[in-house]
Amino acid sequence: MVRLLLRFSEKVVGQPITAEVILEQGVPVNILSAHINQLGGEILAEIPSTHLDKIVKAFRDRGVTVTVRKLIEVDSEECFDCGACLSLCPVNAITLEKDFSVVFDEGKCIGSTCGLCADACPARAIKLTR
Amino acid sequence: MKKLTKKNKRTVAEINKKIKNGDVQVLTVEEMKKLVESSGLEIAYKEIDVVTTGTFGAMCSSGAIINLGHSDPPIKINKAWINEVEVCHPGAAVDLYIGATIMSETKPFEYGGGHVIEDLIRGKEVELRATAYGTDCYPRTRLETTLTKDDLNQFYLINFRNCYQRYNCATNSRGETIYTYMGKLLPHFRNATFSGAGCLNPLMNDPDYETIGIGTRIFLGGAKGYVMGEGTQHDPENRFGTLMVRGDCKKMNPDFIQGASFTKYGTTLYVSIGVPIPILNEGLAKKVAITDEEILTDIVDYGVPRRTRPKLGKISYKELKSGNITIHDQKVRVSPLSSLKKARIIAETLKSWIENASFYLSAPVERLPTDTVSKPMKQTKEIAFVENLIHPAVTCREEEEVKAVAKRIITRSVNHIVVVDDQEKLRGIVTSWDVTKAVAEGKEKLVDIIIKKVVTTTPDEPIEAASRKMAQHNISALPVIDREKKVLGIITSEDISKLVGR
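Protein chains in written order, with my numbering: chain A, 1 to 130; chain B, 1001 to 1502.
This is the structure we're talking about:
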C-alpha cells in the first residue's frame, strides 16, 4: 500500500473528485484522515501500490496536488549498516545485500502502523513519517 | 630474498622491508581464505606476507582521555560535563576521561560519551562545564568554555575492552519485548541478534595470539593505534579474547568511530579495529583460513536476567550471516549488530595502507596471555529470589460470581485473586480495584472483569528483576508460575518492601 496526500484547492474542492477517481479507476481508495471544508483542505489516502501511477495521474488531471507520502525515512548519512533493524521487520522490507549493505524496500514498509525498527536503530537513522 | 620453507619462517622485519620496497603481498583475510581454498595452504603461505582483518561493533568499555591545558586562574576540576555528559576526572587538575556509556543528563539514552567523542573527532565544538572546591594553588571553582579537538593537548582513545573474538547470539523467551545491550529482542524468540564479524574478526584469525600483543600496531578508528595488552574479561580458553587499545583521536576518521544509542539500555561507541596478521609460518596461514562455518557461538536466552543465561544451542557465523536461524524448530530472523560492511572496508583500507607503505607492522613486545580466566564477581551478600518471598495465592475460577470473589478478598484480606483452571493453570488475575469497580457498575460475572494478559514471574527470578517488572507495568503483584503455567503462588510489592525494610 502507498499513502497519498491529496491537497484540494478552493477551486476544485466543490467537485466529488475522490469518488470520481474511485469509480473511474475501479480501485479502492482508503481515506485515513481528512481535513477539508469549502475553502479546500487535504486527505490522507491509502491505495494499492500497483495502481500508484494511474491514481496519481487521475487526481492530478483533476487539479489535485498529490504528494506520495513516505512511510519511513532512512538517513543514509547516519546509517552505518549495522543491521540491528533487520530481524525486527515483520514484512521483510529490510534486507542485507551481498556486500552487507542494509537496504530498505519502502514499498513493502508498513510505516507507523508497525514502527518496530525505529527505536532499535543505534544510529537513530530511521524516522517514521506520520 | 631467502626461500621460504616450512622451517624457514618469515619475520616481521623482513615483511617491513618488503613494505618499504613496495613488493609486499597483502590480502584481506576473506581473500586469503579464498586463496587457501583454491590454491592450497602451501602456495598461500609462500605468496602472502600479511592478511588484514576488521571489525566494527559497539564496544562499551571505550572512552577517551583529554587534557584541557590550564585555565587562568587555574582550576583543579572536581566535576565536569561535556555537552551535559558527565565526564570523569581520574587524575590531576585538567585531565578528563570521557566514558562512552555515560549518558547526557538532559538527553539520556539518546546522547552520551560515545557521541561526545564522535563530535570531537568530527571537529565539532563542544561545551565544557566544570566545578571545583578551590585550593590555594587552584583557586577557581567554576568554569564554562567551548572546545574543539584542536584546543586539546592530548585526545586519546583508551579502550579497556574491545574487539571480542566472538560473541553470543541473543534471543528472548519472555512474553514481552526487551531492550538489551544486544539490541531489541521481540517476545517468544521472534527474533535474534548477534555481534562480531566472524571470519573477519582479528583475534579469531590468530586464536593463539602468536602475532598480537603489547605494542601491536593496528587500525583504530581510521588511524594508527596500538594494542596495550589484553582487555578486561579476556577469556582465551573460551575463545572470548579481548583487546585493550589506544589511539590518537585527533588523527581518526569519523566514518570509523560512531556514537550510538541503544533504546532503554544506554549509549555506547562503535569502534573500528583492524589487525594485520603477518603470516610468519604455515601454521598461521592455516589459522587465518578459518571460515564462518567453523566459528560457532551459543544462542543465549537474554530473557533470563541472570549471570548464567540459558543456552539454547550452537550456531555458526555462516548461519548467523545468512539472516535466518532456527530456534526450537522455528525459523527466526537474525540481525547483526556490528557492521559487516564496515568490517570489510576496514580490512580493505588496512590492506591499502600496507601496500602504500604508510603502515608498517610491529612485533609485540609481549604476547597476549593465553591462560587467563574471567572469574565471576565475589559477592558477600546473598541475593533474594522469588522463591524466598513466594506465598500461596488466593485463587478463584472463571465461572465464579463477582460477589463471591469480593467476599474472599475481605476474608483472606488480599488485593489480588489469581484465576486458575481445573489443573491450577493460570487463566488471569483480578484485583480488589477491579472487583470494586464491577460492584459499582453492577457487573455480576467475574469473566467480564478478568485481566487475561498477566505479567508473571518464576521461582528462580531474582527479586530485583521481579520488582522491575512490577514497576514497569505499574502493578503490585506477580503470580509465580512454573513452565506449564501452573500457579505456584504469588509475590507482592508489599513482600518486597518488607524485605528491603528488614
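Don't be surprised by glycine CBs; every beta carbon is placed ideally from N, CA and C. Keep in mind that this is a model prediction, so the values were computed, not measured.
Task: Residue interval of the beta strand (DSSP E) (run including B:S1335) - done: The sequence position of residue 1335 of chain B within the second sequence is 335, counting from 1. Per DSSP, B:S1335 belongs to the beta strand (DSSP E) from 1330-1336.
- [ ] Give the straight-line distance between the Cα atoms of B:K1124 and B:I1066, rounded to the nearest whole angstrom.
- [x] Here residue 1124 of chain B corresponds to residue number 124 of the second sequence, with the count starting at 1. Here residue 1066 of chain B corresponds to residue number 66 of the second sequence, with the count starting at 1. Near 15 Å, if we compare the C-alpha coordinates of B:I1066 and B:K1124.
TODO: Report the residue from B:W1081, B:H1070, B:S1061 whose alpha carbon sits nearest the alpha carbon of B:F1160.
DONE: If you number the second sequence from 1, residue 1160 of chain B lands on position 160. Comparing alpha carbon positions, the residue from B:W1081, B:H1070, B:S1061 closest to B:F1160 is B:S1061.
- [ ] Taking C-beta pairs closer than 8 Å, name the residues in chain B that A:G83 reaches, listed in chain order.
- [x] Position 83 of the first sequence, counted from the first residue, corresponds to residue 83 of chain A. Residues of chain B passing the Cβ test: S1335, P1336, L1337, S1339, L1340.
Open item on the list: Does any residue of chain B have a CB that is nearer than 7 Å to the CB of A:D119?
Closed with: On the first sequence, position 119 is the one that residue 119 of chain A refers to. With 7 Å as the cut-off, A:D119 counts as an interface residue toward chain B.
TODO: Compute the Euclidean distance between the alpha carbons of B:A1393 and B:L1243, then round it to the nearest angstrom.
DONE: For this step, residue 1393 of chain B is matched to residue 393 along the second sequence. For this step, residue 1243 of chain B is matched to residue 243 along the second sequence. Approximately 51 Å between the Cα atoms of the pair.
- [ ] Might you give, ordered along the chain, the residues of its own chain that have their beta carbon closer than 7 Å to the beta carbon of B:V1439, omitting 5 neighbours on each side?
- [x] Locating residue 1439 of chain B in the second sequence gives position 439, where the first residue counts as 1. V1402, A1406, listed in sequence order.
TODO: Using 10 angstroms around the beta-carbon of B:H1473, count the other beta-carbons present and answer buried if the total reaches 16, otherwise exposed.
DONE: Your numbering for residue 1473 of chain B matches position 473 in the second sequence. With fewer than 16 other Cβ atoms within 10 Å, it is exposed.
Task: Best match in B:L1269, B:G1274, B:K1486, B:A1130 for proximity to B:G1099 [C-alpha to C-alpha] - done: What you label residue 1099 of chain B is simply residue 99 of the second sequence in a count that begins at 1. With distances taken between Cα atoms, B:G1099 lies closest to B:L1269.
TODO: Identify the contact partners of A:S76 in chain B, using a Cβ-Cβ distance below 8 Å as the criterion.
DONE: Taking the first residue of the first sequence as 1, we reach residue 76 of chain A at position 76. Result: empty, since nearest Cβ-Cβ is about 13 Å, beyond 8 Å.
TODO: Kindly list, in the order they appear in chain A, the residues whose Cβ is closer than 8 Å to that of B:A1192.
DONE: For the purposes of this step, residue 1192 of chain B is taken as the residue at position 192 of the second sequence. Correct list: S87.
Open item on the list: Please identify the residue among B:M1032, B:H1089, B:K1485, B:T1055 whose C-alpha is closest to the C-alpha of B:G1222.
Closed with: Here residue 1222 of chain B refers to the residue found at position 222 of the second sequence. That would be B:T1055, whose Cα lies nearest to the Cα of B:G1222.
Open item on the list: If the criterion is Cβ atoms closer than 7 Å, does the pair A:S101 and B:R1333 meet it?
Closed with: Here residue 101 of chain A is taken as the residue at index 101 of the first sequence, counted from 1. Here residue 1333 of chain B is taken as the residue at index 333 of the second sequence, counted from 1. No.
Task: DSSP bridge partner residues for B:Q1025 (one or two, in chain order) - done: Position 25 of the second sequence, counting from 1, holds the residue named residue 1025 of chain B. Per DSSP, none; premise fails for B:Q1025.
Open item on the list: Given a cut-off of 7 Å on the beta-carbon distance, is the pair B:G1274 and B:T1053 in contact?
Closed with: Here residue 1274 of chain B refers to the residue found at position 274 when the second sequence is read from its first residue. Here residue 1053 of chain B refers to the residue found at position 53 when the second sequence is read from its first residue. Taking 7 Å as the Cβ cut-off, B:G1274 and B:T1053 qualify as a contacting pair.
- [ ] Answer yes or no: does any C-beta atom of chain B fall closer than 7 Å to that of A:R124?
- [x] Numbered from its first residue, the first sequence carries residue 124 of chain A at position 124. With 7 Å as the cut-off, A:R124 counts as an interface residue toward chain B.
Task: Beta-carbon neighbours of B:Q1258, restricted to chain A and to distances below 8 Å - done: Here residue 1258 of chain B refers to the residue found at position 258 of the second sequence. Result: F80, A123.
Task: Range covered by the alpha helix (DSSP H) that runs through B:A1404 - done: Stepping through the second sequence from its first residue, residue 1404 of chain B is reached at position 404. 1402-1412 is the extent of the alpha helix (DSSP H) around B:A1404.
Task: Proximity of B:Y1209 and B:R1367 at Cβ, strictly below 7 Å - done: Along the second sequence, one-based indexing puts residue 1209 of chain B at 209. Along the second sequence, one-based indexing puts residue 1367 of chain B at 367. Going by C-beta atoms, B:Y1209 is nearer than 7 Å to B:R1367.
Open item on the list: Tell me the DSSP secondary structure of A:H51 in three-state form.
Closed with: Position 51 of the first sequence holds residue 51 of chain A. In this structure, A:H51 counts as helix in the three-state DSSP scheme.
TODO: Enumerate in chain order the residues of its own chain whose CB-to-CB distance from B:K1331 is below 6 Å, with the five nearest sequence positions on each side excluded.
DONE: Within the second sequence, numbered from 1, the residue matching residue 1331 of chain B stands at position 331. Only residues of its own chain outside the window of five on either side were considered, and among them N1324 have a CB closer than 6 Å to the CB of B:K1331, listed in chain order.
Task: Cutoff 7 Å: B:K1184 Cβ touching any chain A Cβ - done: Counting from 1 along the second sequence, the entry for residue 1184 of chain B is found at position 184. So, interface residue.
TODO: Inspect the CB distances between the region 1190-1203 of chain B and the region 1150-1168 of chain B and report whether three or more fall short of 8 Å.
DONE: yes
- [ ] Could you give the DSSP three-state label for B:C1088: helix, strand or coil?
- [x] Locating residue 1088 of chain B in the second sequence gives position 88, counting from the first residue. B:C1088 falls in the strand class under three-state DSSP.
Open item on the list: With a threshold of 7 Å between beta carbons, is A:F100 in contact with chain B?
Closed with: For this step, residue 100 of chain A is matched to residue 100 along the first sequence. Output row for A:F100: interface = yes.
Open item on the list: Out of B:T1380, B:N1016, B:R1010, which one is the CA nearest neighbour of B:I1354?
Closed with: The count along the second sequence starts at 1 and reaches residue 1354 of chain B at position 354. Taking only the C-alpha atoms, the option nearest B:I1354 is B:N1016.
Open item on the list: Going by DSSP, what residue range makes up the beta strand (DSSP E) through B:Y1270?
Closed with: In the second sequence, the residue the question calls residue 1270 of chain B occupies position 270. That run of the beta strand (DSSP E) goes 1266-1274.
Task: Identity of the residues DSSP links to B:M1244 by a beta bridge - done: Position 244 of the second sequence holds residue 1244 of chain B. BP columns for B:M1244 point to B:G1229.
TODO: Can you pull the chain B residues whose beta carbon is under 7 Å from the beta carbon of A:L128, in chain order?
DONE: Numbered from its first residue, the first sequence carries residue 128 of chain A at position 128. Neighbours of A:L128 on chain B: none; closest Cβ ~14 Å, over 7 Å.
Task: Close beta carbons around A:C121, own chain, < 7 Å, minus the five adjacent residues each side - done: Walking along the first sequence from the start, residue 121 of chain A turns up at place 121. If we look at A:C121 and ignore the five residues flanking it on each side, its Cβ neighbours are A84, C85.
- [ ] Return the residue from the list B:T1141, B:I1214, B:G1057, B:T1106 that minimises the CA-CA distance to B:K1076.
- [x] Along the second sequence, read from residue 1 onward, the residue named residue 1076 of chain B stands at position 76. When only C-alpha atoms are compared, the closest one is B:T1141.
TODO: Can you check DSSP and say which residues form a bridge with B:C1163?
DONE: As a working note, residue 1163 of chain B is residue 163 in the second sequence. Bridge partners of B:C1163: none, in fact.
Task: B:E1210 - DSSP class collapsed to helix/strand/coil - done: The residue you call residue 1210 of chain B lines up with position 210 of the second sequence. B:E1210: coil per DSSP, three-state reduction.
Open item on the list: For the structure I just gave you, are there three or more beta carbon pairs, one from the region 1257-1267 of chain B and one from the region 1279-1294 of chain B, closer than 8 Å?
Closed with: no
Open item on the list: Between B:T1263 and chain A, is any beta-carbon pair separated by less than 7 Å?
Closed with: The residue given as residue 1263 of chain B occupies position 263 in the second sequence. So, interface residue.
Task: Reduced DSSP secondary structure (H/G/I, E/B, other) of A:G111 - done: Looking up residue 111 of chain A in the first sequence gives position 111. Reduced to three states, the DSSP call for A:G111 is helix.
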